[in-house]
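In what follows, a structure is listed as structure tokens, so that the remarks can point back to it.
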Amino acid sequence: MTAHAAVLSRPAIQVRRLGLKISASVPKHFFADDPFLSAFYAAMSTVFPDGERFFIDSVRHYQKELSDPNLISEVRKFIGQEAHHGQEHEAFNEWLEEKGYPIAPVLKRVQEGLNMARQRLGPRQQLAMTLALEHFTAIMANQFLTRPEISEALHPEIRALFSWHAVEETEHKAVAYDVYQATGGGYWNRVLMMVQITMLFWMRITAITHAYLKSEGNGGLMRMLRGGWWLVGNPGPLRRLIPEYLDYFRPGFHPWQHDNRALIAPFQDELQDRVIARN
Ligand SMILES: [Fe+2]
Ligand SMILES: [Fe+2]
53 MTAHAAVLSR PAIQVRRLGL KISASVPKHF FADDPFLSAF YAAMSTVFPD
103 GERFFIDSVR HYQKELSDPN LISEVRKFIG QEAHHGQEHE AFNEWLEEKG
153 YPIAPVLKRV QEGLNMARQR LGPRQQLAMT LALEHFTAIM ANQFLTRPEI
203 SEALHPEIRA LFSWHAVEET EHKAVAYDVY QATGGGYWNR VLMMVQITML
253 FWMRITAITH AYLKSEGNGG LMRMLRGGWW LVGNPGPLRR LIPEYLDYFR
303 PGFHPWQHDN RALIAPFQDE LQDRVIARN
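Position 146 of the sequence shown, counting from 1, maps to 198 under my numbering, and the rest follow consecutively.
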């Protein structure tokens, strides 16, 4: 049985345009009035647009090798969703810049890092990199949709962006993985890349969070340690992701072994008028 056939009933992947316009009145510290957590979410948003373009390109490279019509269709929807995520987060990043987050210099370093990956890694490794990052986005999206104490701490206008993104990341969480499997990707390449990406990704997010805090005079060690404790200690949302993160290292892992399709339904009505393409 192929990995794509392993879970028969997938949620429909729907491409929705959000058309985000965040009001100027939304405060700079949009996450519970907290500078660290706002900087952390801003850091995530900063890396999304270029990261998602990287995902699209790494999957697109293998598009012509696919024969399963369902997977071919899912890849098209995956590309549509990620392209829109990039656009919406670019709009959010512009708003962040207006609020004083130094987006431009950070973005330059993110782009340099991704360009280096494009130059140094072959297509298979680039796809493995996408798989690893898609696993992070999938498990963080799951947490975002299941733990309202996190999402409710965000300003409602910004929560709408992250909720929409989390729903679509859930819908397409297996697409890159299935492309990897269908085109002969192996276990060791997948997990060794995950080990590298885990270190690089979190080092980069920590560095960006610190840069944003420093730019507003909040970059002291105690602020970083307190914020870090919130993330990995108590309440520790990142620590709580560890079991799902480790699932990735099982040889027979597949993203839909964690069946969280039920999380999408509550958003269907809310997002219905945003749909521009569906299965
Ligand atoms: Fe995305
Ligand atoms: Fe994604």
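Beta carbons are placed, not taken as given, at the ideal position from N, Cα and C, and that holds for glycine.
Given the structure is predicted, the values throughout are model-derived calculations rather than measurements.
Check your understanding: Would the C-beta of GLU221 count as close to ligand 2, meaning under 6 Å from any of its heavy atoms?
Key -> yes
Check your understanding: So who's on the other strand from PHE83, going by DSSP bridges?
Key -> LEU206
Point to revise | Burial state of TYR239 (16 or more Cβ within 10 Å) | key: exposed
Review point. Would the C-beta of GLU296 count as close to ligand 2, meaning under 6 Å from any of its heavy atoms?
Key: no
Review point. In chain order, what residues of the same chain lie with their CB nearer than 6 Å to the CB of SER90, ignoring the 5 residues before and after it?
Key: HIS81, PHE82, PHE83
Exercise for review: Pull up the distance between the alpha-carbon of MET181 and that of ALA259, whole angstroms please.
Suggested key: 20 Å
Check your understanding: DSSP beta-bridge partners for VAL67?
Key -> ALA329
**Study point:** Buried versus exposed, by CB contacts within 10 Å (16 or more), GLN309
**Key:** exposed
Point to revise | Candidates PRO289, LEU72, TYR300: closest to PHE92 by CA position | key: PRO289
Exercise for review: State yes or no: is the C-beta of LEU104 nearer than 6 Å to some heavy atom of ligand 1?
Suggested key: At residue 104 the sequence reads Glu, which differs from the Leu that was named. It does: the Cβ of GLU104 is within 6 Å (strictly closer) of some heavy atom of ligand 1.
Review point. Run through DSSP, which three-state label would VAL111 get?
Key: helix
Practice item. Could you tell me the boundaries of the alpha helix (DSSP H) in which VAL243 lies? Key: 239-267
Point to revise | Cα-Cα separation, LEU265 to SER61 | key: 44 Å
Review point. How many angstroms separate the CA atom of LEU323 from the CA atom of GLY269?
Key: 38 Å
**Study point:** Residues of its chain near VAL219, where Cβ-Cβ distance is below 8 Å and the 5 sequence neighbours each way are ignored
**Key:** ALA193, LEU197, LEU315, ILE316, PHE319, LEU323
Practice item. Please indicate yes or no: does the CB of HIS137 lie closer than 6 Å to some heavy atom of ligand 1? Key: yes
Check your understanding: Would you report the Cα separation of GLY280 and LYS73, rounded to the nearest angstrom?
Key -> 30 Å
Practice item. Flag this pair as touching only if the region 290-299 and the region 162-169 have three or more C-beta atom pairs under 8 Å; answer yes or no. Key: no
Check your understanding: Sorry if obvious, but does the Cβ on GLU134 come closer than 6 Å to a heavy atom of ligand 1?
Key -> yes
Review point. Is the closest heavy atom of ligand 4 to the C-beta of THR189 under 6 Å?
Key: Of the ligands this structure carries, namely ligand 1 and ligand 2, none is ligand 4.
Exercise for review: Drop a sphere of 10 angstroms on the beta-carbon of PRO307, count the other beta-carbons inside from all chains shown, and report buried for 16 or more, exposed for fewer.
Suggested key: buried
Practice item. Return yes when the Cβ of ILE131 is within less than 7 Å of the Cβ of ILE155, no when it is not. Key: no
**Study point:** Limits of the unbroken alpha helix (DSSP H) element including ALA76
**Key:** ALA76 -> no alpha helix (DSSP H), and no H or E assigned at all.
Point to revise | Proximity to GLU142 [Cα-Cα], best of ARG172, VAL127, ALA94 | key: ALA94
Exercise for review: Just mark SER75 as buried or exposed, buried being the case when its beta carbon has 16 or more other beta carbons within 10 Å.
Suggested key: exposed
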